[in-house]
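Below is one structure; the comments refer to it alone.
Chains as they are written, first to last, in the working numbering: chain A, 1 to 109; chain B, 1001 to 1171.
Below is the structure:
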């Protein structure tokens, strides 16, 4: 019996679905709970990773390498997003001396 | 045996994720998030996606989290710098995240069980197979990603650069 067949039989695909759902909800929880903008960014990374994990699981279970290529693209987009987002946060910190999102309400009338 | 490895990695990922979200010190959050990324890289190895496991470690634990740490240290944030949200906001955060989890799991439980494909390709997660797919079927997105990375790099430098010209007084 091959290694992958062994994995398919021991770990049902549903386990990965549930694990990804739990990780995604932890990310959502962090975005809702915290006030520090950097921690909110980290929670967004956690959500990205939940989705990546599910894509890899489906790609392996269904023998389709397209899913893993998509994870590759998502990683590139996440890196771009983090670099620009942190640059914006640095600028905000320079002007307000805080990254508390409750302070950033100039758009709220 | 494989199942116990899965359970261990899953518990590690969920624990580190929860600690990331709940620890008061932002530096601890970064450390726990790195632990979570290592657990997820372990999952990739378990799923025979070796190339992605290595890239995940290099990109996330190596590059992105270092960027986070540098930003945190530059801002000199610590426990005292973040106030608590009001209790109502915290309770509603718990309730809405819990409800989302409940709905997702209730919906996923109804899905059909997995039927393995007839032919299993063992080389999927390896560099050779991934490179073939990436540079044949996904060549155009690949080039677009390079443009995206270049423009985000220029944008990050442009945004974070200190403005030397005198600022016009607002208001």
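Don't be surprised by glycine CBs; every beta carbon is placed ideally from N, CA and C.
Residue nearest to residue i in terms of C-alpha spacing, selected from the options
| i | options | result |
| --- | --- | --- |
| residue 1014 of chain B | B:1024, B:1088, B:1037 and B:1025 | B:1037 |
| residue 1121 of chain B | A:39, A:87, A:65 and A:95 | A:65 |
| residue 1035 of chain B | B:1047, B:1024 and B:1010 | B:1010 |
| residue 99 of chain A | A:44, A:74, A:39 and A:47 | A:39 |
| residue 45 of chain A | B:1065, B:1108 and B:1005 | B:1065 |
| residue 23 of chain A | A:42, A:6, A:8 and A:10 | A:42 |
| residue 1059 of chain B | A:4, A:71 and A:58 | A:71 |
| residue 1176 of chain B | B:1112, B:1032 and B:1050 | Lying before the first or after the last residue shown, residue 1176 of chain B is absent from chain B, which here runs from 1001 to 1171. |
| residue 1022 of chain B | A:87, A:19, A:28 and A:93 | A:28 |
| residue 1019 of chain B | B:1134, B:1032, B:1056 and B:1131 | B:1032 |
| residue 57 of chain A | B:1061, B:1045 and B:1028 | B:1045 |
| residue 1040 of chain B | A:9, A:102, A:79 and A:51 | A:51 |
| residue 3 of chain A | B:1133, B:1047 and B:1146 | B:1047 |
| residue 83 of chain A | B:1159, B:1098 and B:1092 | B:1159 |
| residue 69 of chain A | B:1026, B:1007, B:1042 and B:1140 | B:1140 |
| residue 30 of chain A | B:1144, B:1145 and B:1098 | B:1098 |
| residue 1094 of chain B | A:96, A:107, A:33 and A:7 | A:33 |
| residue 1156 of chain B | A:10, A:88 and A:49 | A:88 |
| residue 1173 of chain B | A:104, A:107, A:103 and A:73 | In the structure as shown, chain B starts at 1001 and stops at 1171, and residue 1173 of chain B therefore has no counterpart that could be examined. |
| residue 91 of chain A | B:1163, B:1028 and B:1043 | B:1163 |
| residue 1004 of chain B | B:1017, B:1110, B:1143 and B:1043 | B:1043 |
| residue 17 of chain A | A:97, A:6 and A:49 | A:49 |
| residue 1089 of chain B | A:96, A:102 and A:97 | A:102 |
| residue 1072 of chain B | B:1127, B:1027 and B:1161 | B:1027 |
| residue 1030 of chain B | B:1131, B:1161 and B:1063 | B:1063 |
| residue 1017 of chain B | A:95, A:15, A:47 and A:7 | A:47 |
| residue 1123 of chain B | A:61, A:104 and A:55 | A:61 |
In DSSP terms, what residue i is bridged to
| i | result |
| --- | --- |
| residue 100 of chain A | A:36 |
Boundaries (first-last residue) of the alpha helix (DSSP H) holding residue i
| i | result |
| --- | --- |
| residue 1129 of chain B | 1127-1136 |
| residue 10 of chain A | 3-10 |
| residue 1012 of chain B | 1002-1022 |
| residue 1151 of chain B | 1139-1160 |
8 angstroms contact criterion, which residue i and residue j should meet: CB distance rounded
| i | j | result |
| --- | --- | --- |
| residue 1104 of chain B | residue 21 of chain A | 4 angstroms |
| residue 1052 of chain B | residue 1125 of chain B | 7 angstroms |
| residue 1075 of chain B | residue 93 of chain A | 5 angstroms |
| residue 1149 of chain B | residue 76 of chain A | 6 angstroms |
| residue 1012 of chain B | residue 25 of chain A | Their Cβ separation, rounded to whole angstroms, is 17 angstroms, which puts residue 1012 of chain B and residue 25 of chain A out of contact at 8 angstroms. |
| residue 86 of chain A | residue 1135 of chain B | Not really, about 31 angstroms apart at Cβ, beyond 8 angstroms. |
| residue 80 of chain A | residue 1152 of chain B | 4 angstroms |
| residue 1119 of chain B | residue 63 of chain A | 7 angstroms |
| residue 1006 of chain B | residue 11 of chain A | 5 angstroms |
| residue 53 of chain A | residue 13 of chain A | Not a contact, Cβ separation roughly 12 angstroms. |
| residue 35 of chain A | residue 1085 of chain B | 6 angstroms |
Contact with chain C by residue i, beta-carbon distance below 9 angstroms
| i | result |
| --- | --- |
| residue 1098 of chain B | This model lacks chain C altogether; the protein chains it does include are A and B. |
task = Identify every run of the alpha helix (DSSP H) within the region 15-96 of chain A, keeping only runs that are complete inside it and at least 4 residues long; order them along the chain.
result = 37-61 and 66-96
key: Every unbroken alpha helix (DSSP H) inside the region 1040-1091 of chain B [4 residues or more]   = 1050-1056 and 1065-1075
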